[in-house]
Amino acid sequence: MTFRFTIFLNFALLFSLPTLAGAATIAVHVTDTVGGKGNVNVAVCDRERFLKQCAYTGSVPARDGETVVTIKGVPPGTWAVLAYQDENANGELDRNLIGIPSENYGFSRDARGRFGPPSFDDAAMPIHAEAAAATVRLH
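Shown next as structure tokens:
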């Protein structure tokens, strides 16, 4: 039984290597953060999951000025990056009574919407290389 499992595991790893080899590690530089206030949460989304449950996420304690969050395993393609400073560390972007975010947030390409969030196209950026970087300025 152990021998079969070992063979299965080896085949599974062998066939997953091509997808892992093309995957990128994205260093997301989140600027205008306030140190000591919660976490900086980042999500990398494709068009289908934009502003929903994104496939790639990361979170680190907030640092003063700039916080870098590393997201691994992102396949090449067009992605939008969004970030917010979760000051009370409740895992959610808090909003006021009329639905406007009360915690600082931002999108890649410094995208902004007029009356709501920006579109995917405004925030989208290509990810090609195994190592990529994005900057998100919080507002």
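If you use mature numbering (1 follows the signal peptide of the UniProt record, and there is no 0), the sequence shown corresponds to residues -21 to -1, 1 to 118, in order. Heads up, the beta-carbon is just placed ideally off N, CA and C, and yes, glycines get one too.
Any beta carbon of chain D sitting closer than 8 Å to that of residue i?
i: Asp73; result: Chain labels in this structure do not include chain D; a single protein chain is all it has.
With a threshold of 16 other CB atoms inside 10 Å of the CB of residue i, please say whether the residue is buried or exposed.
i: Ser81; result: exposed
i: Ile5; result: buried
i: Ile77; result: exposed
i: Asn75; result: exposed
i: Pro(-4); result: The pLDDT assigned to Pro(-4) is 42, lower than 50, so where the model puts this residue is not dependable; a value taken from the coordinates is nonetheless given after this. It is exposed - the Cβ of Pro(-4) has fewer than 16 other Cβ atoms within 10 Å.
i: Ala112; result: exposed
i: Thr12; result: buried
i: Ala102; result: buried
i: Ile50; result: buried
i: Phe86; result: buried
Counting only the same chain and skipping the five closest in sequence on each side, list residues whose C-beta sits under 6 Å from that of residue i.
i: Glu109; result: Ala3
i: Val21; result: Val7, Gly37, Val48, Ala62
i: Asp89; result: Arg116
i: Arg26; result: Phe99
Tell me which same chain residues have a C-beta within less than 8 Å of the C-beta of residue i, skipping the five on either side of it?
i: residue 124; result: The structure shown does not extend to residue 124, since the chain is modelled only from -21 to 118, so the question has no answer here.
i: Gly70; result: Asn20
i: Gly15; result: Ala41, Asp43
i: Asn18; result: Ser38, Val39, Pro40, Ala41, Gln64, Asp65, Ala68
i: Arg31; result: The residue asked about is misnamed: residue 31 is Lys in this sequence, not Arg. Here the set comprises Cys24.
Once the 5 residues before and after residue i are set aside, which same chain residues still bring their CB inside 7 Å of it?
i: Gly1; result: Pro54, Pro55
i: Phe29; result: Ala59, Phe99
i: Ile106; result: Ala3, Ile5, Val53, Pro55, Gly56, Trp58
DSSP puts residue i in a beta bridge; with which residues?
i: His8; result: Val47, Thr114
i: Ala3; result: Val53
Uninterrupted beta strand (DSSP E) stretches inside the stretch 19 to 103 (no shorter than 3 residues):
35 to 40, 44 to 53, 56 to 65, 84 to 86
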